[in-house]
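Notes follow the structure.
Here you go:
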């Protein structure tokens, strides 16, 4: 195509899932077999912008550091430090100021780490995409995709933009990042109801999701911030921050202790001046000393360190805590209501039993780590000496498109269907090597499993 769209589309306003595939191709003025022409791609890229999420609004390092002092109790401590310094109590002033600075640095460093970790969300967008342009198949940077591009999907690929599917072959897509469902969604090309929810739009493939199985071809209908994941990001960034219960209680405590110190200091001054008849300078020094002593200068540091420890524990479980007080809010939760079992799982399946014609074998271990063994009637079983078990494990490995690998932290991760991942783990526990087995038994063809045919 070399002409501009007659009516430029509003990417987020179209119900592409309810439109027949042929009509979508016509609407976007694209040839399914040829794709877009190079000149047309340039025009559309200028009109719609690159396919990337917008940079989130971030607080600069200086602002984040100053916000660590935005606390009524910190204000009281700073005033106490200044007053103590003016009365030549330099050691006490240094201790109070040191506590305030350490408290601020802990919060500043922790929030900085959280900001860096949140950059991982942007990595959910694919970096490369396979497209048809000028009649040829080529691999490009995903940022260069525009509405109307024809994208080719293969098993293990990350969907680079929101696509209306045109062709599928046993295509299943893991949409857990969007819907929370751990089971990959089966895809087809027929339009669905206009009111269908994201999880029910079986003719769509959304940016950031992963192809678990099969192949497909789709036309780009939304890029960048107009994608479903971009819309979710915009919703999250627009959420109004609320004060946590801990923050409110600390503010109340700071106000109460300030009033208490003022009242106590006033009474002390009145007592010393009118009843004891102490010199004004001595009375004032006593009042200041009493006020400083009444301030719990260690409280902010204790609270911050406690929350930081909770944040580190959450980080080990792969949960990012952006603001320290959020840890306390999470700890206050007593009941979680959810309508989906899959939302609360680890999205990992495990084979725990093997049923053979004449016996049952238990499998130990959890998740995709190939750590575990086999037992029968409570006794350890060597799979290499059990032809039936070994043969079944070999079939599970060869009839499998899943790929298991270790990440930088040494954890096992899956690319592919969770069920096939569990079967691949079973084969690895049996001591089989995927590279060796696939070399000795090369795949000639495949007949994909169809739920309606049960084959």
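Residue numbers (our numbering): 88 to 542.
In this text, a Cβ means the ideal position worked out from N, Cα and C, and glycines have one as well.
Contacts around residue i, its chain only, beta-carbon distance under 7 Å, and the 5 residues preceding and following it disregarded
i           : result
residue 468 : 448, 461 and 462
residue 280 : 105
residue 131 : 233, 234 and 235
residue 62  : Given a span of 88 to 542 for the chain in the structure shown, any question on residue 62 remains unanswerable.
residue 287 : 279
residue 276 : 108, 252, 253, 254, 255 and 290
residue 341 : 159, 160 and 163
residue 493 : 499
residue 506 : 436
CB contact below 7 Å: residue i versus chain D
i           : result
residue 215 : The structure shown contains no chain D; it holds only a single protein chain.
Helix, strand or coil at residue i [DSSP, three-state]
i           : result
residue 138 : coil
residue 527 : helix
residue 197 : helix
residue 118 : strand
residue 144 : coil
residue 228 : strand
residue 299 : strand
residue 102 : coil
residue 123 : strand
residue 366 : coil
residue 522 : helix
residue 371 : helix
residue 392 : helix
residue 179 : helix
residue 113 : helix
residue 425 : coil
residue 156 : coil
residue 533 : coil
residue 420 : coil
residue 412 : helix
residue 233 : coil
residue 387 : helix
residue 514 : helix
residue 174 : coil
residue 90  : Note that residue 90 has pLDDT 42, beneath the 50 cutoff, so the model's placement of it is unreliable and the number below is only indicative. It is coil, neither helix nor strand.
Spatially closest choice to residue i from the options, by CA coordinates
i           : options               : result
residue 289 : 512, 390, 254 and 162 : 254
residue 521 : 408, 414, 486 and 193 : 486
residue 193 : 394, 358, 301 and 109 : 394
residue 512 : 531, 482 and 529      : 482
residue 508 : 214, 489 and 174      : 489
residue 305 : 229, 155, 249 and 355 : 249
residue 150 : 196, 179, 124 and 186 : 196
residue 156 : 388, 506, 292 and 134 : 388
residue 187 : 175, 168, 178 and 199 : 168
residue 230 : 445, 475, 425 and 141 : 141
residue 265 : 222, 316 and 273      : 316
residue 416 : 397, 444 and 495      : 397
residue 457 : 136, 223, 349 and 499 : 499
residue 441 : 423, 373 and 477      : 477
residue 135 : 313, 506 and 401      : 313
residue 300 : 258, 263 and 527      : 258
residue 307 : 116, 347, 504 and 423 : 116
residue 216 : 382, 228, 119 and 223 : 228
residue 379 : 360, 352, 364 and 362 : 352
residue 525 : 497, 450 and 484      : 484
residue 373 : 420, 348, 401 and 336 : 348
residue 57  : 438, 375, 295 and 273 : Only positions 88 to 542 of the chain appear in this structure, which leaves residue 57 out of reach.
residue 166 : 183, 527, 496 and 293 : 183
residue 510 : 466, 528, 437 and 452 : 437
residue 273 : 303, 176, 406 and 282 : 303
residue 345 : 363, 382, 361 and 321 : 382
Per DSSP, cross-strand counterpart(s) of residue i
i           : result
residue 304 : 239 and 254
residue 402 : DSSP, once it has assigned bridges, lists no residue as partnering residue 402.
residue 129 : Paired residues: none, contrary to the question.
residue 379 : Per DSSP, none; premise fails for residue 379.
residue 217 : 226 and 239
Same chain only: Cβ atoms within 6 Å of residue i, ignoring 5 sequence neighbours per side
i           : result
residue 244 : 298
residue 122 : 219, 220 and 237
residue 91  : For residue 91, the pLDDT reaches just 48, beneath the cut-off of 50, and the residue's location in the model is therefore unreliable, leaving the point undetermined.
residue 339 : none
residue 392 : none
residue 443 : 475
residue 434 : 263 and 269
Own chain residues within Cβ distance below 8 Å of residue i, not counting five before or after
i           : result
residue 94  : In this predicted model, residue 94 has a pLDDT of only 49, less than 50, meaning its place in the structure is not dependable enough to derive any value.
residue 452 : 437, 458, 459, 460, 512 and 516
Inset, instruction - Pick out the complete beta strand (DSSP E) segments inside the segment 309-362, 3 residues or longer, and give them in chain order. - result: none
Inset, instruction - Could I get the ranges of all uninterrupted beta strand (DSSP E) runs contained in the segment 428-511, with 3 residues as the minimum, in chain order? - result: 440-443, 446-450, 461-463, 466-468, 490-493 and 499-502
Inset, instruction - Could I get the ranges of all uninterrupted beta strand (DSSP E) runs contained in the segment 243-294, with 3 residues as the minimum, in chain order? - result: 249-261
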